[in-house]
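Below, the structure is given as structure tokens:
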């Protein structure tokens with residue numbers, strides 16, 4: 001049952017709670033096309049902040065932006081068999097380049113013009129490896145052309161049957177990096193570097209602690225030799241894959257015949273990576289931090305970090321201008337210091353209604369400015385994460401707000417890390433795993449003998465999958481037996497139910 005705020009409590013229906021938070025925070029809405037969403041201004045502003053920060057990080061690591069076409073010839077996908085198999089069921093196909101009008105009056109409609117059928121169907125990009133490697137074949141001739149370090153910000157289409165806003169939609173926004181290197185070592189180092197960029201970005205911007213590791217063969221990106229991942233725990237103890245980086249080996253270079261001439265004059269195929277994060281990150285921050293009141297936003301990503309609400313008391317409004325001017329001065333100073341600040345001086349809404357609105361939208365810090373605050377030279381404040389209200393002296397308001405928001409972000413990160421660690425378990429037997437997973441959910445670190453069929457059987461029975469083989473945990477597998485088969489363990493695997 002939804003509360004007065006219109007939000008279903010997490011404990012009653014976590015899935016509905018998630019949808020309610022999105023609606024009440026005005027992040028997104030459903031479009032007329034099934035499975036597609038409209039990003040509303042508040043939701044898109046979050047993506048804009050994420051994009052700006054990540055774009056800076058990509059450029060600091062030597063990458064440059066470019067843009068590649070939305071449409072990909074069908075024949076391109078046939079060149080890399082594993083890749084096309086991985087995406088075939090999700091591809092949208094364009095077969096005609098023109099419509100024609102038929103019928104008259106109320107029966108008038110449009111339909112594909114039979115005379116406008118394409119000689120070769122086009123695929124609406126589900127990912128851009130094939131198009132990009134076709135172009136790299138034109139651009140790369142010599143070792144002097146390497147490395148190629150290109151990123152693009154784009155939309156992609158994957159025709160999902162079961163969708164959920166931000167987490168899984170038919171169309172979504174992302175960045176996808178595609179790099180070409182002279183050696184295997186350079187490409188592996190690039191893929192690992194980008195995973196670390198994603199890990200630190202998630203902590204610094206979203207207050208999301210990540211487990212990093214390598215995917216199992218079953219969970220590997222189609223066409224990759226290795227897939228590296230960052231995995232986060234949501235408040236219902238499910239996992240969310242939040243970003244991936246792929247070492248592609250020479251698979252795409254061979255498929256598209258991309259070679260370079262070495263310094264010695266030999267011709268060799270280049271080595272490749274690809275990597276990306278998407279608007280799925282917005283779903284991650286919703287499910288990791290928000291509460292039954294609504295959205296909770298970490299300060300670095302919040303479109304509005306501070307909302308200032310002037311409150312005048314006298315019925316004749318004689319104290320209004322003094323309060324508004326005082327509040328506006330605070331706003332101007334904070335904006336000049338680089339904070340994203342909004343003043344809410346709407347006259348037709350009572351203060352309580354304003355508090356309610358900005359809480360649902362997740363604004364980290366609220367300032368309530370009344371006549372007494374003007375007299376004291378203070379700002380009366382409330383954090384979105386709760387706790388008692390407190391005063392800040394306006395004489396050093398810039399430094400105080402910076403510290404308050406920094407502390408809030410660190411608290412969100414630490415709370416999420418503590419929650420994850422408290423819900424991560426080590427077990428040695430499959431029976432113990434099944435019982436615990438059904439009882440309390442969570443992440444499970446287990447000794448594992450890599451076996452694709454056994455992995456499929458566990459998924460079928462428990463709905464849990466291998467999220468990754470976590471870095472830094474593999475020494476624990478030495479001398480142990482697989483929790484499922486009893487064979488010698490080859491890895492430590494992290495199992496969980498996941499979105």
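Residue numbers (this note's numbering): 1 to 499. In this text, a Cβ means the ideal position worked out from N, Cα and C, and glycines have one as well.
- In this model, residue 444 and residue 233 are separated by some 12 Å (Cα to Cα).
- Residue pairing for residue 495: DSSP places it in a beta bridge opposite 444, 466.
- In the DSSP annotation of this structure, the continuous segment of the alpha helix (DSSP H) that includes residue 200 starts and ends at 184-206.
- Between residue 353 and residue 367, the beta carbon gap of about 17 Å keeps them out of contact (Cβ cut-off 8 Å).
- Non-local C-beta neighbours of residue 340 in its own chain, meaning closer than 8 Å and more than five positions away in sequence, comprise 302, 303, 304, 305, 306, ordered along the chain.
- For residue 96, same chain residues with a beta-carbon under 6 Å away, outside a window of 5 residues either side, are 112, 116, 117 in chain order.
- Taking the C-beta atoms as reference points, residue 215 is found nearer than 8 Å to residue 229.
- Boundaries cannot be given for residue 279, as no beta strand (DSSP E) includes it and DSSP labels it neither H nor E.
- In its chain, beyond the 5 residues on either side, 319, 320, 323 have a beta carbon closer than 6 Å to the beta carbon of residue 312.
- Between residue 35 and residue 170 a beta carbon distance of about 4 Å is seen, short of the 8 Å cut, so the two are scored as contacting.
- DSSP lists 99 as the beta-bridge partner residues of residue 112.
- Here the C-alpha atom of residue 383 lies approximately 11 Å from the C-alpha atom of residue 358.
- Shown here, residue 135 sits in a helix according to DSSP, grouped into three states.
- Going by beta carbons, residue 250 and residue 269 fall inside the 8 Å limit.
- Counting only unbroken stretches of 3 or more residues, the beta strand (DSSP E) elements lying wholly within the segment 2-87 are 28-30, 37-39, 71-73, in sequence order.
- Beta bridge pairing from DSSP links residue 180 with 148, 272.
- In the DSSP assignment, residue 391 forms a beta bridge with 380.
- Straight-line spacing of the CA atoms in residue 389 and residue 365 works out to 11 Å.
- Using a Cβ-Cβ distance cut-off of 8 Å, the segment 154-164 and the segment 40-48 are not in contact, since fewer than three pairs of beta carbons, one from each stretch, lie closer than that value.
- Residue 40 and residue 375 have their C-alpha atoms roughly 40 Å apart.
- Nearest in C-alpha terms to residue 260, of all of 87, 80, 139, is 139.
- A distance below 7 Å between beta-carbons, with the five flanking residues on each side excluded, links residue 281 to the following residues of its chain, in chain order: 50, 206, 242.
- Linking residue 81 to residue 255 through their CA atoms gives a straight-line distance of about 9 Å.
- With a 10 Å radius around the Cβ and a threshold of 16 neighbouring Cβ atoms, residue 67 comes out exposed.
- Minimum Cα-Cα distance from residue 457 among the listed residues 398, 386, 430 corresponds to 430.
- Here residue 408 has 299, 364, 383, 385 as same chain residues with Cβ atoms under 7 Å from its own Cβ, once five neighbours each way along the sequence are excluded.
- Residue 450 sits away from residue 495, with the two beta carbons spaced by 8 Å or more.
- The three-state reading of DSSP puts residue 296 in coil, since its state is none of H, G, I, E or B.
- Going by DSSP, residue 367 is part of the beta strand (DSSP E) stretching over 365-369.
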